[in-house]
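So the sequence shown is numbered by this note's numbering: it starts at 1 and just counts up by one. The C-beta atom is built at its ideal place from N, Cα and C for all residues, glycine as well.
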Amino acid sequence: MPSTHASACTFFAAYATLASIYLPLHPRIHPLLATYTPFVMIPWATLIVLSRVWLGYHTWPQVAAGTTLGVCFASVWLRFWVEDAGRVRTLGGELERWIDDSVMPAIITVA
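Here is the structure:
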């Protein structure tokens with residue numbers, strides 16, 4: 001059974017790293033964040049993956065399988081986003097506009 005911790009944190013680290021390299025930066029994000037993302041995310045994910053073996057929850061092959069799944073799914077998701085396959089990017093933009101227009105003003109007025 002592949003390690004879900006390894007696959008989840010590797011997915012997150014791989015996608016954040018690939019996105020910081022290949023995707024245009026969001027206007028609200030400082031450019032240095034994209035520069036330092038790989039230097040923070042990859043060591044963080046590596047420590048989590050290694051901790052699964054050190055703590056005795058998984059074996060090396062289970063962690064390797066989870067890590068492989070995480071990297072593969074991150075690569076596939078980035079490709080879906082870049083090519084807008086299944087309208088992934090379009091729906092993401094619509095969700096972001098809805099949050100900015102509807103949810104955030106409601107939160108701000110309540111607070």
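- A Cβ-Cβ distance of about 5 Å is found for the pair Thr-67 and Ala-6, placing them in contact under the 8 Å criterion.
- A straight-line Cα-Cα distance of about 6 Å links Met-1 and Gln-62.
- Classified as buried, His-58 has 16 or more neighbouring CB atoms from the shown chains inside 10 Å of its CB.
- Ala-13 and Pro-105 have their alpha carbons spaced roughly 31 Å apart.
- Here the C-alpha atom of Val-82 lies approximately 35 Å from the C-alpha atom of Val-53.
- Non-local C-beta neighbours of Thr-17 in its own chain, meaning closer than 8 Å and more than five positions away in sequence, comprise Thr-37, Pro-38, Met-41, Ile-42, ordered along the chain.
- Assigned with DSSP and collapsed to three states, Tyr-57 falls in coil, not helix or strand.
- About 12 Å separates the CB atoms of Trp-77 and Tyr-22; that is not less than 8 Å, and the two are not in contact.
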